[in-house]
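Novice: Please find one structure pasted underneath; my questions will follow.
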């Protein structure tokens, strides 16, 4: 009996291999990152290509490149991978039944906890940090146009992304942004044109926050979240506990294409269900004062 595409089932390992090879474009590095053999990576990619009905990669000498089918399939594969990883880690996620607001958490391989809780945008006026309030006002006055004069005061505090088939491409890092201060001058001056996944926050955290990016990009508008995470800084690979308010703003480039502006305000003034007092107290007051973003 002839084997058809319907006999194939997409697996978690196939998605991980596709995602990782798309990032590295190197078979040996992908195998090392995943802790498997090169042959196993090839088999996963081959199985996925059978399911998709075409090649996802082409091999140019010793480096791989995504085909048009591969580029077009990547966002969907990463979305499925995020959902599978969230489920496998017993992440608590989904809409709040009363307000349709999202809440998610996960525990990494080292036992560190991460939280994200969406809040109504209307609470910015009562509980938002000053920079969050002023950036939201600027976005409204600018009618979401990223280059409008009304956005000028907020721009130094923002990181701006453009969506591509490969992921979120950084097009601007504000010199006063929390990202620039956290990851350092060298990173902020080198980040333009790179994917958001290429920062030092780690793959798990980047996948954890990516779903919110997708929604604002696709649907427009603004979104407010309070987050708690453990992130490495410029001169250290050891993650540091940090809490922050995050404002996502769907914006428009001058050519009419969508942009995503991200504002982060490091703060202890966060409201997150399930965040223990012990964890919240790990965020130092010195850190809060260092990242004061008073306009």
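Numbering (the working numbering), first residue to last: 4 to 298.
Every residue, glycine too, gets a C-beta built ideally from N, C-alpha and C.
This one's a predicted model, so the numbers in the text were calculated from it and none came from an experiment.
1) Can you find at least 3 beta carbon pairs, one from the stretch 60–69 and one from the stretch 117–126, that sit closer than 8 Å?
2) When you compare each of 81, 39, 129 to residue 18 by their alpha carbons, which one comes out closest?
3) Quick check on residue 170: buried or exposed, where buried means 16 or more other Cβ atoms within 10 Å of its Cβ?
4) Quick one: what does DSSP say residue 228 is sitting in, helix, strand or coil?
5) Taking residue 130 and residue 282 to be in contact with their CB atoms under 8 Å, please state how far apart those CB atoms are, rounded to whole angstroms.
6) How far does the alpha helix (DSSP H) with residue 130 in it reach, from first residue to last?
7) If you check the beta carbons only, do residue 268 and residue 149 fall under 8 Å apart?
8) How about the stretch 254–266 and the stretch 152–167: do they share at least three Cβ pairs that are nearer than 8 Å?
9) Return the residue from the list 242, 261, 76, 250 that minimises the CA-CA distance to residue 111.
10) Could you work out which residue in 167, 196, 194, 157 is closest to residue 179 when comparing CA atoms only?
11) Beta-carbon separation of residue 47 and residue 78 under 8 Å?
12) Identify which residue in 127, 142, 144, 143 has its Cα closest to the Cα of residue 136.
13) Please name the residue, chosen from 231, 168, 23, that lies closest to residue 38 on a Cα-to-Cα basis.
14) Considering only the alpha carbon of each residue, which of 244, 214, 151, 263 lies closest to residue 235?
15) Note down, in chain order, each residue of its chain lying with its Cβ closer than 7 Å to the Cβ of residue 141, except the 5 sequence neighbours on either side.
16) Less than 8 Å between the C-beta atoms of residue 186 and residue 237, yes or no?
17) Are the Cβ atoms of residue 229 and residue 275 separated by less than 8 Å?
18) Less than 8 Å between the CB atoms is what I'm expecting for residue 44 and residue 33, so what's the real figure, rounded?
19) With 16 other CB atoms within 10 Å as the buried threshold, where does residue 176 fall?
20) By how many angstroms is the C-alpha of residue 144 removed from the C-alpha of residue 132?
21) Measuring CA to CA, which of 68, 231, 263 is closest to residue 30?
Specialist: Taking the structure as given:
1) no
2) 81
3) buried
4) strand
5) Rounded, the Cβ-Cβ distance is 20 Å, inconsistent with contact.
6) 127–130
7) no
8) yes
9) 242
10) 157
11) no
12) 127
13) 23
14) 244
15) 153, 154, 156, 157
16) yes
17) yes
18) 5 Å
19) buried
20) 19 Å
21) 68
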